[in-house]
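In this note's numbering, the protein residues as written are -16 to 583.
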RNA sequence: GGUCUCGUAGCUCAGUUGGAUAGAGCAACAGCCUUCUAAGCUGUGGGUCUCAGGUUCGAAUCCUGACGGGAUCACCA
């Protein structure tokens, strides 16, 4: 049980014995950390209880404080009342035994395994263009959320739904057929996803030009957008594809393989993995079948032109197209199929979709459709909606070419790590291979942290002209704190000591100093933070915590020497503190996919 | 226009179910390497929490309205 939980329980018990006749709702008991300007570690807020118990705050505080200390003298050392707040000081011996019990536990903060099965779908790229900076937020967020859920005991399946079919890929295909002269990744030495993306951009250039020409010939713009020959060719290609045309299918397959190879290089470099791949091309037919059934059950309806719709006007939404009049499927068609497939394969309790907030409406519709169709998968659908990454000039759009490419960004960050390491003169004692690994660790860490440290719900603005910092609230700061700890431990010969024997004789005789206390209080908080991050599906809580912990450690490091500690007792206490600090830093960063070096 | 969402220091962001004098980082300025890694530490300056009402012992936080951003409402994905 965490300390806050213990204090809450103790407070409930104390109130019960003080006021046996009054039932006190649990939510009235608020336990917070005591503000640094007051004496104490944890605070019980008295105001919420005042009315119910008909007591003056300070009198209630005195009674409650006395009762708490008397009943729990192993936990509380003393109490003080400051204008309606009951500040409790925790016994140093409590902290000492906390450290002895946990300092060497690499799984501290984790929760026991549960039966709950959760799928986290993230990345889910289109196969017509390479990944860009905005996709990275999705990928890192999904990965981190999956890892966090695992750490808190869930059975997690990481899924990637490849949007491998649809008009978008046909656009790249048409442009490739018309303009590529058979160019391949091999012949051009261009990474496959980039090559295919180039032709997506090409399509849009040609399309724009054709629309312009038609408009200049007197056609309405809306009409011209439909009539542009290259657009009609793309639509034609989509119909041929859905009809199973062999040549179309072969080209489609070929181009997708190029893209997958490219994506895999990117995923691998970033340390991103998946347990399960779904392909839209394999789920859209299932979606169509479900829609067909829905039509027979009259949950859906068909218009005269043959298109199939659902009416959600009773839910405050409007009518939504599920299948085009020419019988081809739209985006949501395959979503319906995939949702069912996921559920049937894994009997999921929850299915989390990491998708941008631009699709809030779409996801709301999907859930409603599944509910109306009486699909058991419906209730588990959860849209983890995150804000877009924008440039100072506005949104990133692949089709306009206004994107920061993911591969370029990674390369830039790694190069930045190299430059700054060299400038700081910190390359001594590393082999070239070790240095390269270090630069990857620092560059990628900074990038991941940068995208994860902000509340996922909020959109963020990224200015490519200002490089991502390696100082302050960054992964580098945390990596550095970790390297410092490793350096001390190495100096103290910790690695060679049998781990569990070393502190067995530890006895606390001196009070904790302020820096030591701050650090141990931070350490104890970790499980609360993990729980919070799980509840909110929010990795930024972990970023904030890890940074704060590193900050408190750095401050501690400045104040207190380990190798020159005042006594053997202090040395052991501080060793336990920093061993646990390093362990939690490693654990928390691992959840975000960030590794920490032993030296840097 | 309907729906949703955001508005906190010059910039980027924290701020738990409403709790004490609203906090970090960056940028600026001033200190600290003979002592476990200065990618660090210590300090200074910087705020009408968009505005106006309301609820409350107590509001950045909850409610209403206004103003200002953004998303969405496609036979695009």
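Even glycine gets a Cβ: it sits at the ideal position worked out from N, Cα and C.
Nearest in C-alpha terms to residue 556, of all of 256, 446, 197 and 82, is 82. Shown here, residue 451 sits in coil according to DSSP, grouped into three states, outside any helix or strand. With contacts defined by Cβ atoms closer than 8 Å, residue 278 and residue 102 do not form a contacting pair.
Scanning the stretch 482 to 547 for uninterrupted alpha helix (DSSP H) segments of 4 residues or longer gives 497 to 519 and 523 to 542, listed from N- to C-terminal end. Residue 496 has its alpha-carbon roughly 10 Å from the corresponding atom of residue 502. Residue 100: member of the beta strand (DSSP E) spanning 100 to 104, first to last residue. Comparing alpha carbon positions, the residue from 442, 433 and 472 closest to residue 457 is 433. Ranking 113, 204 and 186 by CA distance to the CA of residue 242 puts 113 first.
When only Cα atoms are considered, residue 60 and residue 139 end up about 42 Å apart. Contact between the stretch 257 to 274 and the stretch 316 to 325 is present: three or more C-beta pairs spanning the two stretches fall below 8 Å. Taking the Cβ atoms as the reference, residue 26 lies roughly 20 Å from residue 510, outside the contact range of under 8 Å. Within the model, the alpha-carbon separation for residue 253 versus residue 572 is close to 14 Å. As for any alpha helix (DSSP H) of minimum length 4 sitting wholly inside the stretch 457 to 481, the runs are 458 to 474, ordered along the chain.
By the C-beta density criterion, residue 344 is exposed, having fewer than 16 other C-beta atoms within 10 angstroms.
Between the C-alpha atoms of residue 37 and residue -1 there is a straight-line separation of about 15 Å. The residues 516, 517 and 574, in chain order, have a CB closer than 6 Å to that of residue 131 in the same chain once the five nearest residues on each side in sequence are set aside. In the structure shown, residue 303 falls within a strand segment according to DSSP collapsed to helix, strand and coil.
Residue environment: residue 176 is assigned as buried (16 or more neighbouring CB atoms within 10 Å of its CB, all protein chains considered). Annotation: the continuous alpha helix (DSSP H) that includes residue 568 extends over 551 to 574.
It is roughly 25 Å from the alpha-carbon of residue 440 to the alpha-carbon of residue 249.
Spatial neighbours of residue 536 in its own chain (CB-CB distance under 6 Å, excluding positions within 5 residues in sequence) are listed in chain order as 464 and 564.
In this structure, 185 is the residue among 225, 223, 199 and 185 with its C-alpha nearest to the C-alpha of residue 213. Taking one beta carbon from each stretch, the stretch 120 to 137 and the stretch 165 to 183 have fewer than 3 pairs nearer than 8 Å; the two do not touch.
When secondary structure is reduced to three states using DSSP, residue 312 falls in the strand class. A contact is defined here as three or more CB-CB pairs under 8 Å, and the stretch 399 to 413 fails this definition with respect to the stretch 536 to 556. Counting only runs of at least 3 residues, the stretch 163 to 204 fully encloses no beta strand (DSSP E) element at all. Taking a cut-off of 8 Å on C-beta distances, the stretch 537 to 548 does not touch the stretch 217 to 233, as fewer than three cross pairs fall below it. DSSP, read as helix, strand or coil, puts residue 43 in helix. Taking C-beta separations shorter than 6 Å and ignoring five residues to either side along the sequence, the partners of residue 70 in its chain run 17, 21, 23, 26 and 63, following chain order. With respect to the C-alpha of residue 57, the residue from -7, 32, 89 and 88 having the closest C-alpha is -7. Between residue 491 and residue 75, the C-beta gap is smaller than 8 Å, which places the two residues in contact. In chain order, 512 place their CB closer than 6 Å to the CB of residue 528, counting only its own chain and leaving out the 5 sequence neighbours on each side. In terms of Cβ geometry, residue 560 and residue 461 do not form a close pair [threshold 8 Å]. Within the same chain, and ignoring the five residues on either side of residue 117 in sequence, the residues whose Cβ sits closer than 7 Å to its Cβ are 371, 372 and 379. Listed in chain order, the alpha helix (DSSP H) elements of length 4 or more contained wholly in the stretch 381 to 455 are 389 to 406 and 415 to 435. DSSP places residue 74 outside both helix and strand once states are collapsed to three, so it counts as coil.
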